[in-house]
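In what follows, a structure is listed as structure tokens, so that the remarks can point back to it.
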Amino acid sequence: MDIIRSTLASYGAVVVSLLSFKNLVLAFALANMKSLHFMWSIRFLHTFIRRLTDSAPDKHLSPRCLFLPAISATRSGALECDYNLHKSNSTYFTDMDMSRGNFSLVLFSKPFNPIPGPTHFTMILSGTSCTWRKEIKPYQRYELWTRLLSWDEKWVYVVTHFVKADTFRPEEYVMKPTARKTKSRGKEKDDVSPLKAVFASSVASSIW
Numbered sequence: 332m333d334i335i336r337s338t339l340a341s342y343g344a345v346v347v348s349l350l351s352f353k354n355l356v357l358a359f360a361l362a363n364m365k366s367l368h369f370m371w372s373i374r375f376l377h378t379f380i381r382r383l384t385d386s387a388p389d390k391h392l393s394p395r396c397l398f399l400p401a402i403s404a405t406r407s408g409a410l411e412c413d414y415n416l417h418k419s420n421s422t423y424f425t426d427m428d429m430s431r432g433n434f435s436l437v438l439f440s441k442p443f444n445p446i447p448g449p450t451h452f453t454m455i456l457s458g459t460s461c462t463w464r465k466e467i468k469p470y471q472r473y474e475l476w477t478r479l480l481s482w483d484e485k486w487v488y489v490v491t492h493f494v495k496a497d498t499f500r501p502e503e504y505v506m507k508p509t510a511r512k513t514k515s516r517g518k519e520k521d522d523v524s525p526l527k528a529v530f531a532s533s534v535a536s537s538i539w
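Quick note on numbering: the sequence shown equals residues 332 to 539 in this note's numbering.
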């Protein structure tokens, strides 16, 4: 019995140490790293540098990629949720910034130049709208599908959909314009209603 008591006491001490205030704060910060101060800038800078230095687009991009979606996945942390206990509407726009930035740099990394000039290419966001269909629960995983919608001499229109993760598996997407045969982990495509799998949709206009 003494051995059991000493063992339980030692385990109890370990549990108490793990549940210290500092460890709880650290765990909470790690679980919400996406929403911490300056993380948006750090994430965007990482994407910016990666896309401008990555050689993958030369191997995989082709004209047929122009209207294919760029897909990225993320989760909704606790700091992104409002009093209704789901992802706050305002936080959708920061996700869309990241998705559009990645999409634009993938397709237009070669002509892109942030310094204004007659032959330099850049995209400046001028307006965006979003329609919410379903809530995203805390820490629920979801995907952002961003694709080119249309353009003219001045404007570029990009559409982004917030989609339930692993619900739809496209045969082609940006960076891989060849058919792939990957089964969905969830229901089959034909069994899933798009209205039930799409959380929100947004259209953004940019000047180029």
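Think of the CB as a built atom: it goes at the ideal place given N, C-alpha and C, for glycine as much as any other residue.
Review point. For the beta strand (DSSP E) that Ala-531 lies in, which residues bound it at each end?
Key: Position 200 of the sequence shown, counting from 1, holds the residue named residue 531. That run of the beta strand (DSSP E) goes 529–538.
Check your understanding: How would you call Thr-280, buried or exposed, if buried means at least 16 neighbouring beta carbons within 10 angstroms?
Key -> The question about residue 280 has no answer here: the residues shown for the chain are numbered 332 through 539.
**Study point:** Continuous beta strand (DSSP E) assignments of at least 3 residues falling wholly in the segment 344–432
**Key:** Scanning the segment 344–432 for uninterrupted beta strand (DSSP E) segments of 3 residues or longer gives 401–406, listed from N- to C-terminal end.
Exercise for review: May I ask which residues mark the beginning and end of the beta strand (DSSP E) holding Ser-440?
Suggested key: Looking up residue 440 in the sequence shown gives position 109. No residue range can be given for Ser-440, since it is assigned to no beta strand (DSSP E) and is classified by DSSP as neither H nor E.
Practice item. Determine, using beta carbons only, whether Thr-459 and Leu-475 come nearer to each other than 7 Å. Key: Your numbering for residue 459 matches position 128 in the sequence shown. Your numbering for residue 475 matches position 144 in the sequence shown. Judged by beta-carbon spacing, Leu-475 lies beyond the 7 Å limit of Thr-459, meaning their Cβ atoms are not closer than that value.
Exercise for review: Pull up the distance between the alpha-carbon of Thr-382 and that of Leu-410, whole angstroms please.
Suggested key: One-based indexing of the sequence shown puts residue 382 at position 51. One-based indexing of the sequence shown puts residue 410 at position 79. The question names Thr, but residue 382 is Arg in the sequence shown. Distance between the alpha carbons of Arg-382 and Leu-410 is about 28 Å.
Check your understanding: What's the gap between the Cα of Ser-536 and the Cα of Asn-354?
Key -> Looking up residue 536 in the sequence shown gives position 205. Looking up residue 354 in the sequence shown gives position 23. Cα to Cα, Ser-536 sits roughly 44 Å from Asn-354.
Check your understanding: If Trp-539 sits next to Met-454, beta carbons under 8 Å apart, how far is it from one beta carbon to the other, in whole angstroms?
Key -> Your numbering for residue 539 matches position 208 in the sequence shown. Your numbering for residue 454 matches position 123 in the sequence shown. Contact between Trp-539 and Met-454 holds: their C-beta atoms lie close to 5 Å from each other, under 8 Å.
Exercise for review: Determine, using beta carbons only, whether Thr-422 and Ser-532 come nearer to each other than 7 Å.
Suggested key: Counted from its first residue, the sequence shown places residue 422 at position 91. Counted from its first residue, the sequence shown places residue 532 at position 201. Between Thr-422 and Ser-532, the CB-CB gap reaches or exceeds 7 Å.
Check your understanding: Would a C-beta distance cut-off of 7 Å place Leu-479 and Phe-398 closer than the cut-off?
Key -> Against the sequence shown, residue 479 aligns to sequence position 148. Against the sequence shown, residue 398 aligns to sequence position 67. A contact, by the Cβ cut-off of 7 Å.
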